[in-house]
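Note sheet for the following structure.
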Amino acid sequence: HMCRMRAESPSLSPHGLLGRASTSGFSLVEALTVMAITTIGLLVGVPSFQGMSERARVSSAMHLLTAHMASARSTAITYRIPTVVCPSNRSGGCRTDGDWSQGWLMFFDKDGNRQPDAREDILRDENAPIHPSLRILSSTGRPQLRYLPDGRSSGSNITVRLCREDELLAQIIVNNAGRVRSETVAGTKPCAG
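See the structure below:
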């Protein structure tokens, strides 16, 4: 005779197996812990990202300006015409105050007046690729760079400084032989020049 055996199954309740309550989601303490860790991460990461972005902007402006200076030297030698790189007044002429923050011009300066005489003399008209908080300033008394047909930059060395407020971040130096070198500045140095 066959006997049917029936397996006893655990009783199910509305709260799960064997009467245990199931939990889902986060407790208030867990949620606050995650928020605190996220906040600390943002406090550490955001300034770090801002610093990295600023260094990239400074590096970009510095490389672009040094490339234009080297191009002006090469142009002066190739065409045997004095060539100038100067801070732009944004209307086809040079600023006289040494503030390169709005951009710069590269032009032929056949007559030596240190200003473009005609629109066709302007070889480059570059907007500065920098954030408004950054400034580009040249040496006091030397607002522009003029290359002679032999590639020299007569007169004293010119230093073009990249600054945030009054803090020096980088500088480009051109010697009398016309050679360009650039350097970033570590630490906090004033942007005086």
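Going by the working numbering, the letters in the sequence shown line up with residues 23 to 215, in that order. We treat Cβ as the ideally placed atom computed from N, Cα and C, and that holds for glycine. Since the model is a prediction, treat every value here as computed from it, not as a measurement.
From the DSSP output, in three-state form, read off arginine 22 for me. Limits of the chain in this structure are 23 at one end and 215 at the other, which puts residue 22 out of reach.
At what residues does the beta strand (DSSP E) containing arginine 186 begin and finish? Locating residue 186 in the sequence shown gives position 164, counting from the first residue. Here the beta strand (DSSP E) through arginine 186 covers 180-186.
Per DSSP, cross-strand counterpart(s) of alanine 192: For this step, residue 192 is matched to residue 170 along the sequence shown. According to DSSP, alanine 192 bridges with Leu184 and Thr206.
Given this structure, state the Cα-to-Cα distance separating threonine 206 from serine 49, to the nearest angstrom. Along the sequence shown, one-based indexing puts residue 206 at 184. Along the sequence shown, one-based indexing puts residue 49 at 27. Approximately 50 Å between the Cα atoms of the pair.
If you run the structure through DSSP and keep just helix, strand and coil, what is serine 110? What you label residue 110 is simply residue 88 of the sequence shown in a count that begins at 1. Reduced to three states, the DSSP call for serine 110 is strand.
From Arg186, Leu170 and Lys211, residue whose alpha carbon lies closest to that of isoleucine 103: As a working mapping, residue 103 is identified with position 81 in the sequence shown. Checked all of Arg186, Leu170 and Lys211; the closest Cα to isoleucine 103 is Leu170.
If you measure between the beta carbons of leucine 127 and isoleucine 158, is that distance less than 7 Å? Within the sequence shown, the letter at position 105 stands for residue 127. Within the sequence shown, the letter at position 136 stands for residue 158. Contact: no.
Kindly list the residues whose CB is nearer than 8 Å to the CB of serine 161, restricted to its own chain and excluding five residues on each side of it in sequence; keep chain order. Translated into the one-based positions of the sequence shown, residue 161 becomes position 139. Taken in chain order, the residues that qualify are Gly120, Ser178, Asn179, Ile180, Thr181, Val182 and Gly215.
Length of the line joining the Cα atoms of glycine 63 and threonine 105: Locating residue 63 in the sequence shown gives position 41, where the first residue counts as 1. Locating residue 105 in the sequence shown gives position 83, where the first residue counts as 1. So the two alpha carbons sit approximately 51 Å from each other.
Which one or two residues does DSSP pair with aspartate 147 in a beta bridge? The count along the sequence shown starts at 1 and reaches residue 147 at position 125. Leu127.
Please state whether the Cβ-Cβ distance between lysine 211 and leucine 191 is less than 7 Å. Here residue 211 refers to the residue found at position 189 of the sequence shown. Here residue 191 refers to the residue found at position 169 of the sequence shown. No, the Cβ-Cβ distance between lysine 211 and leucine 191 is not below 7 Å.
Distance, Cα to Cα, serine 175 vs alanine 98? Residue 175 sits at position 153 when you count from the first residue of the sequence shown. Residue 98 sits at position 76 when you count from the first residue of the sequence shown. For serine 175 and alanine 98, the distance between alpha carbons rounds to 10 Å.
Let's see if you can read the secondary structure: which residues bound the beta strand (DSSP E) around leucine 170? Looking up residue 170 in the sequence shown gives position 148. No beta strand (DSSP E) holds leucine 170; DSSP gives it neither H nor E.
So proline 109 and proline 165 are supposed to be a Cβ contact under 8 Å. How far apart are they, rounded? On the sequence shown, residue 109 is found 87 positions in, with the first residue counted as 1. On the sequence shown, residue 165 is found 143 positions in, with the first residue counted as 1. Contact holds; Cβ gap of about 6 Å.
Measure the CB-CB distance between leucine 118 and valine 202 and report whether it falls below 7 Å. Within the sequence shown, residue 118 is the residue found at index 96, counting from 1. Within the sequence shown, residue 202 is the residue found at index 180, counting from 1. Note that residue 118 is threonine in the sequence shown here, rather than leucine. The answer is no: Cβ separation not under 7 Å.
Can you name, in chain order, every residue of its own chain whose Cβ lies under 7 Å from the Cβ of asparagine 149, other than the five neighbours on each side? Within the sequence shown, numbered from 1, the residue matching residue 149 stands at position 127. The beta carbon of asparagine 149 sits closer than 7 Å to the beta carbons of Gly125 from its chain, once the five residues preceding and following it are set aside; these are given in chain order.
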